[in-house]
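Colleague: Residue numbers (the numbering used here), protein chains in the order written: chain H, 45 to 279; chain D, 15 to 299; chain U, 1225 to 1819. Don't be surprised by glycine CBs; every beta carbon is placed ideally from N, CA and C. Can you read through this structure? Questions will come right after.
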Amino acid sequence: MLELDAVRVAHGAATAIWDVSLHVGSGELVCVVGPNGAGKTTLINAIAGLNRIAAGTMTIDGRDIGALPSHAYCEQGIAIVPEGRRLFTGLTVRENLELGGYRQGARAARATTLARVLEVFPALRAKLQAAAGTLSGGQQQMVAIGRAMMCQPRLLLLDEPSLGLAPAIVLEMFAVIREINRSGVGVLLVEQNVAMALELATRAYVLEEGRIAFEGAPAELLAAPHIRRAYLGEG
Amino acid sequence: MTLPSATLLAQAVLSGVFIGALYGLLGLGLSLSWGMLRQINLAHFALAFLGAYLTHHLTSVAHWDPLATLLLIVPGFFAFGALLHWVFARFAITPFNSLLVTFGLTVIIESAIQWIWTADPRMLDSAYGHVKFKLGALYVPLPELLTLAFATTLSTATWAALRFTDLGRAMRAAAEDAPTAAAFGVDERRLSLLLSGVSAAFAGVAGLCLALSFTLAPSQVYAWIGVVFAAVMIGGLGNPLGPLVAGIVIGVSESLTMAITAPAWAPLVSFSLLIAVLLARAEKI
Amino acid sequence: MATLHFPARAAIAGVGIALAAVPLLKLPAFYESFLYLVFHWIVLATSWNILSGYSGYFSFGHGAFFGVGMYTTATLAGQFGMPFLWTLPVAALVAAAFGIGIGAVVFRVGRLRGELFALITLAVTFVVATVVLNTPLDGGQGVNLGGVRLPSIMASPSSTLYVLALALALLTVWIAYEIFHARLGTGLFAIHDDEDVAEVLGVPTFRYKLAALGVSCALAGVAGAIQAMFVSYVTVGETFSIIVPLNVVLMSVLGGTRHWLGPAVGATVITGLLYAFTAGEYAVAGRAAVGLILVVVILFLPDGVLGRFVRSARSRAGKSARAADPPLPASPPAPVASRPAAPGTATRESDAPGDLLLEVRGVAKSFRGVRALDGVDIDVRRGEILGLVGPNGSGKSTLINVVSGHYRSDGGRIAFDGRDLTGAPAHRIAHAGIARTYQIPRPFAHLSVLDNVVLPAMFGRDLLGRGEAEREALIWLEFTGLATKADDLPDALNLHQRKFLELARALASRPQLLLLDEVLSGLTPSEIDGAIHTIRAIRDRGATIVFVEHVMRAVMELTDRIVVLDQGRVIAEGAPADVMGRTEVVTAYLGRPHA
């Protein structure tokens, strides 16, 4: 479904992503892990259309999307849950969710989609009129995921969704992500919480200093001394 | 200092409401472009006066009905506003530099006004100007009532549009975080052009109201800047109802000050209110 | 720049003497009037620029201060009969007091300071005009100064005014020049680029802005005083018109706001142009042209005419000046003993290794309901390298920001070297000896790499003079490998170099405590090796370091002790190998696998 081929992305004046090729098949759950500063956010933002690609091709279902303006990516079926959630704090929860369904293709079925989102996150029902900025971290994350779901995407991008969240909430959230994937939506997950990410994914990439250092099944990755050293130092 | 009669005070309050409504109408476009587009458009005032002079001209010389002049002014000013934003975006003008550029623009427009219509003061003599309603012991002139009507309608309509429509939601989201809004399909550039055009169109409507109630002179362009900015800041940037409410508060305070003390002290009122609000509300370093 | 001082001062003096001789030439009155106006505008534009151009706080109210000076003289000389020359210093004081009063209120406001200041100063002009108009100061009829006697400095009154204006213009340009080259100027330009960072590096921003404002207003006040006699009939409409603020902005922007001579150049050019338009109907066209020039200049020439010219000249001058200096040490400077004042060893007697340098107790900080720091207790011992680690969002950067004064804490206590620094303004924290780097480098974009490092040396713990600060800065640039880039602007550096610029800046203030915020993120493995070596060298010179990092390899190699933060709280503390092996830390980093 999603294919990146020899993609290069700049971050300011410097090149942050070098020669990256990856793919996410229809309905797959793929994760990207790696140390801080490796370029994970730059990569996922490029896939969402928030960063321009400097070189290489990016296609979805064979359609080249590299040259499209930022606001056209959503119509291609890509939705993002950005790092730090980036909710519109001046808008209510309901408005945030409805904005998720702003694109033409999603507008007609908006009421139905909203109902489905509220089934997945029943805790938000009571918070619909609250300003998004007043919610706790975990609740904000629910809204962010809900907002992306409202877009009715074929590919869901998540950038470090467990950031700043208590472990119990992280568990719930990952269960939701698994459900979303089961319903047929492809997922590309960037995560610092390596153990959980590798539990969830069918395939994993390791990104180090802007390059793919490893691709394979999660079990292989966990067994590699590579990961422990990268994240914990010796031992 | 003897207190004036109750009727006089009530009339003062009423005039305060009317002038406040005009502050609000002038402030509406300004607040929108500053709060949502990060553009401080000083030229808004010159634009309003241009609209006023155009209304005056079309009414006195071409014998149009003053309200009909809006048919020409609103689309024309909308186009100008969109063009202005396009220039700002093209040159990546910072919010501060937008202040400087529009300062220059203000002077150009004001000079053009003086060139075309001379510095002689002019007062529009229209049918509306002669109509006065009576509310008990109070007088309610039609032009002022029209101003209040325009100000309230436009402010409320804008507020409602921003609050309840898809487009309005998209604008508010884009104003807060344009890249994330783009990720959900919001074309920030097009919305900004629209908003900038609408702000300028509002300036045109304010111009009509100015022409109906006030004597026009090119130097007057600058006289309104201070008090309207005060209304905008007190009302909260980007809040469509803010300038109207703050404007009325300022207008009534000024009016009462004039009735109780001397007319000359009115400008101090808005300034003092502004300082007070800033001190109360602003974050200290 | 020391070599340029003499020619510039001599040039100013030379021009001044030449111009003073003009009245003696007995030219037609036109020349004297024209030159008077040129001097008049040079004073107004240059004085405006001292605050607005240097610091970036654009004032649209210069007309108010000018008018205040004008009416001070009009009232004192016209209504109370004070001798004219005595009214000049009074006008200066009144205008300065007025300006400082406004500044004292507005400069304390946090957000929107720049725009707010611009708009408030615009409004002030109208308020002052109203007050003057409605009180006996003017009363609506204007003030007639025809009867006031001018001292006979020159043969005729107009020549006297000419010479007074000339003297004021020379004084103003000279003051602008001196401030430009003094600490005040350096501080103001830093404020222009990034006020918060300037404050953290030790610049007393509030005080400096007020000082610049005061000087600016005083000079405008005196210009008004002289102008009062020139027009001899003072009215509110003419005094407080929009012309003054518009012209000073335009002249300075055209000539270049970042240079002491820019406004004078702009003033001369514009006055010349406007004089060509004096006749009646062209006055309007002239005003429109002025507005148009302002628009065009902002769009196409944001640095002004002088700006572009000066930048290249200065970098050439800098390079050749440095070629003449004695060569610097090829390798990083030798340890403590051989250098006069290495970081950490300056004047403290109680330098026993291991005593408590920084004490953080119960510090809390929330942002819009999110608790970034939830009661943090940390001790930092002198001479150690303390690692501060934790997952993203655990509060590490926030803690650095609070300790360095970038944010004020919501609760708790911070004591440094025995002194209570809780709630102190950032520049005082810098003076106490704490320096930090920024995770995303924040260099002063318009200052050269060298000047970026000179500033903290001038405003840091030891408050060095400019010459000494430059030598200190060069040493640290050499140390971090940036010496060849000294004259470049920061945007010419890559990320690695910019991070090292942050480091050089922090070191130049000669801190006792150095807070490094993710200085290694984004670096390649070999660059990381070099950085580890450098950091160790810094500690060996006696500095205490708190080191926020994600790159575990570096943390394990460098740190003596580690503190682990998670969700705003300390969850572990101790020796590196020990702490990183503990289950709660492993869980915090890798997460608990789904059971």
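1. Could you spell out the range, first to last residue, of the alpha helix (DSSP H) harbouring U:Phe1263?
2. What residues from chain D crowd round H:Thr133, counting only those whose CB sits closer than 8 Å?
3. DSSP three-state label for U:Arg1652, please.
4. Which runs of the beta strand (DSSP E), 3 residues or longer, sit entirely within the stretch 107 to 166 of chain H?
5. Let me check understanding here. Comparing Cα to Cα, which of H:His115, H:Arg130, H:Arg226 lies closest to H:Ile189?
6. Would you say H:Ala54 lies against chain D (beta-carbon separation less than 9 Å)?
7. So, are the CB atoms of D:Tyr67 and D:Gly218 less than 9 Å apart?
8. Between D:Gly22 and U:Ala1512, what straight-line distance do the alpha-carbon atoms span, to the nearest angstrom?
9. Examine chain D for any beta-carbon lying closer than 9 Å to the beta-carbon of H:Ala123, and answer yes or no.
10. Less than 9 Å between the beta carbons of U:Tyr1295 and U:Leu1346, yes or no?
11. Across which residues does DSSP place H:Phe258 in a beta bridge pair?
12. Can the beta-carbon of H:Gly78 be found less than 9 Å from the beta-carbon of H:Ile61?
13. For U:Ala1565, which of helix, strand or coil comes out of DSSP?
14. H:Met102 lies in the beta strand (DSSP E); which residues open and close that run?
15. Is any heavy atom of the ligand ZN found at a distance shorter than 8 Å from the C-beta of H:Gly145?
16. Using only CA atoms, which one of D:Asp191, D:Leu149, D:Ala231 lies nearest to H:His115?
17. What is the DSSP secondary structure of U:Gly1792, counted as helix, strand or coil?
18. Please check the pair D:Gly43 and D:Phe164, which I expect to be a contact at CB under 8 Å, by giving their CB distance rounded to whole angstroms.
19. Could you name the residues of the same chain whose beta carbon sits closer than 6 Å to that of U:Ala1232, not counting the 5 residues immediately before and after it, in chain order?
20. Drop a sphere of 10 angstroms on the beta-carbon of U:Ser1574, count the other beta-carbons inside from all chains shown, and report buried for 16 or more, exposed for fewer.
21. CB D:Gly261 to CB D:Leu61, shorter than 9 Å?
22. Where DSSP assigns a beta bridge to U:Thr1768, which residues make up the other side?
23. For D:Leu282 and U:Asn1368, I'd like the C-alpha separation in whole angstroms.
24. State buried or exposed for H:Gly144, treating a residue as buried only when at least 16 other CB atoms are found within 10 Å of its CB.
25. Go ahead and pull the three-state DSSP assignment for U:Lys1723.
26. For U:Gly1798, which beta-bridge partners are listed by DSSP?
27. Measuring CA to CA, which of U:Pro1615, U:Ala1697, U:Arg1373 is closest to U:Val1677?
28. Excluding sequence positions up to five away, which residues of its chain have a Cβ less than 6 Å from the Cβ of D:Ala35?
29. How would you call U:Asp1802, buried or exposed, if buried means at least 16 neighbouring beta carbons within 10 angstroms?
30. Assuming the contact rule is C-beta atoms closer than 8 Å, D:Ile54 and U:Gly1515 should be a hit. Round their C-beta distance to whole Å, please.
31. Does any CB atom of chain U fall closer than 9 Å to the CB of D:Leu42?
32. What are the start and end residues of the beta strand (DSSP E) that includes H:Pro197?
33. Have a look at U:Asp1549 and U:Arg1652 and give me their C-alpha separation to the nearest angstrom.
34. Counting only C-beta atoms, is U:Ala1799 closer than 9 Å to chain H at any point?
35. So that I know if they touch, is there some Cβ in chain D lying closer than 9 Å to that of U:Leu1434?
36. Quick one, which of D:Thr275, D:Phe243, D:Pro277, D:Phe285 has its alpha-carbon nearest D:Gly41's?
Modeller: Quick look at the numbers:
1. In the third sequence, residue 1263 of chain U corresponds to position 39, counting from 1. Note, U:Phe1263: alpha helix (DSSP H), 1253 to 1279.
2. Taking the first residue of the first sequence as 1, we reach residue 133 of chain H at position 89. The answer, in chain order, is Glu190.
3. On the third sequence, residue 1652 of chain U is found 428 positions in, with the first residue counted as 1. Helix.
4. 122 to 125
5. The residue given as residue 189 of chain H occupies position 145 in the first sequence. When each option's Cα is compared against that of H:Ile189, the closest is H:Arg130.
6. One-based indexing of the first sequence puts residue 54 of chain H at position 10. It does not: the Cβ of H:Ala54 has no partner Cβ on chain D nearer than 9 Å.
7. Here residue 67 of chain D is taken as the residue at index 53 of the second sequence, counted from 1. Here residue 218 of chain D is taken as the residue at index 204 of the second sequence, counted from 1. No, they are not a contact pair.
8. Looking up residue 22 of chain D in the second sequence gives position 8. Looking up residue 1512 of chain U in the third sequence gives position 288. Here residue 22 of chain D is Leu; the residue named in the question, Gly, does not match the sequence. Cα-Cα distance, rounded: 44 Å.
9. For the purposes of this step, residue 123 of chain H is identified with residue 79 of the first sequence, where counting begins at 1. For H:Ala123, the answer is yes, since a Cβ of chain D falls inside 9 Å of its Cβ.
10. Residue mapping note: residue 1295 of chain U aligns to position 71 of the third sequence, counting from 1. Residue mapping note: residue 1346 of chain U aligns to position 122 of the third sequence, counting from 1. Result no, Cβ atoms of U:Tyr1295 and U:Leu1346 do not sit closer than 9 Å.
11. Reading the first sequence from its first residue, position 214 is the one you call residue 258 of chain H. Answer is H:Val250.
12. As a first step, residue 78 of chain H must be located in the first sequence, where it is residue number 34. As a first step, residue 61 of chain H must be located in the first sequence, where it is residue number 17. No, they are not a contact pair.
13. Counting from one through the third sequence, the residue named residue 1565 of chain U turns up at place 341. In this predicted model, U:Ala1565 has a pLDDT of only 39, less than 50, meaning its place in the structure is not dependable; the value taken from the coordinates is given anyway. Three-state result, U:Ala1565: coil.
14. Along the first sequence, read from residue 1 onward, the residue named residue 102 of chain H stands at position 58. Segment 97 to 104, the beta strand (DSSP E) holding H:Met102.
15. For the ligand ZN, the structure offers nothing, since it holds no ligand at all.
16. Taking the first residue of the first sequence as 1, we reach residue 115 of chain H at position 71. Closest option to H:His115, judged by alpha-carbon separation, among D:Asp191, D:Leu149, D:Ala231: D:Asp191.
17. Along the third sequence, read from residue 1 onward, the residue named residue 1792 of chain U stands at position 568. Three-state result, U:Gly1792: coil.
18. Position 29 of the second sequence, counted from the first residue, corresponds to residue 43 of chain D. Position 150 of the second sequence, counted from the first residue, corresponds to residue 164 of chain D. Approximately 12 Å separates the beta-carbon atoms of D:Gly43 and D:Phe164; this is outside 8 Å, ruling out the contact.
19. The residue given as residue 1232 of chain U occupies position 8 in the third sequence. So no residue of the chain qualifies.
20. Position 350 of the third sequence, counted from the first residue, corresponds to residue 1574 of chain U. For U:Ser1574, the predicted model reports a pLDDT of 39, less than 50, meaning its position is unreliable and no value from the coordinates is stated.
21. For the purposes of this step, residue 261 of chain D is taken as the residue at position 247 of the second sequence. For the purposes of this step, residue 61 of chain D is taken as the residue at position 47 of the second sequence. No, they are not a contact pair.
22. Here the question's residue 1768 of chain U lines up with position 544 in the third sequence. For U:Thr1768, which the question treats as bridged, DSSP gives the partners U:Leu1737.
23. Your numbering for residue 282 of chain D matches position 268 in the second sequence. Your numbering for residue 1368 of chain U matches position 144 in the third sequence. Answer to the nearest angstrom: the Cα atoms are 26 Å apart.
24. To locate residue 144 of chain H, count along the first sequence from 1; it is residue 100. Classification for H:Gly144: buried.
25. Within the third sequence, the letter at position 499 stands for residue 1723 of chain U. If DSSP states are grouped into helix, strand and coil, U:Lys1723 belongs with the helices.
26. One-based indexing of the third sequence puts residue 1798 of chain U at position 574. DSSP lists U:Ile1786 as partners of U:Gly1798.
27. By 1-based counting over the third sequence, the position of residue 1677 of chain U is 453. Nearest option by C-alpha distance: U:Ala1697.
28. Translated into the one-based positions of the second sequence, residue 35 of chain D becomes position 21. Beyond the five residues adjoining it in sequence on each side, D:Ala35 comes within less than 6 Å, by CB distance, of Thr161, Leu162, Ala165 in the same chain, given in chain order.
29. Along the third sequence, read from residue 1 onward, the residue named residue 1802 of chain U stands at position 578. When all chains shown are included, U:Asp1802 counts as exposed.
30. Mapped onto the second sequence, residue 54 of chain D falls at position 40. Mapped onto the third sequence, residue 1515 of chain U falls at position 291. Actually they do not touch by this definition, with Cβ atoms about 16 Å apart.
31. Translated into the one-based positions of the second sequence, residue 42 of chain D becomes position 28. No, its Cβ sits nowhere closer than 9 Å to a Cβ of chain U.
32. Translated into positions along the first sequence, residue 197 of chain H becomes position 153. Segment: none, H:Pro197 is in no beta strand (DSSP E) and carries neither H nor E.
33. Here residue 1549 of chain U corresponds to residue number 325 of the third sequence, with the count starting at 1. Here residue 1652 of chain U corresponds to residue number 428 of the third sequence, with the count starting at 1. Residue confidence is low: U:Asp1549 scores 47 on pLDDT, short of 50, so the model does not pin down where it sits. No coordinate-derived value is stated.
34. The residue given as residue 1799 of chain U occupies position 575 in the third sequence. False, the Cβ-Cβ gap to chain H never drops below 9 Å.
35. By one-based count along the third sequence, residue 1434 of chain U stands at place 210. Chain D, which has no Cβ nearer than 9 Å to the Cβ of U:Leu1434, makes this no.
36. Locating residue 41 of chain D in the second sequence gives position 27, counting from the first residue. It is D:Phe243.
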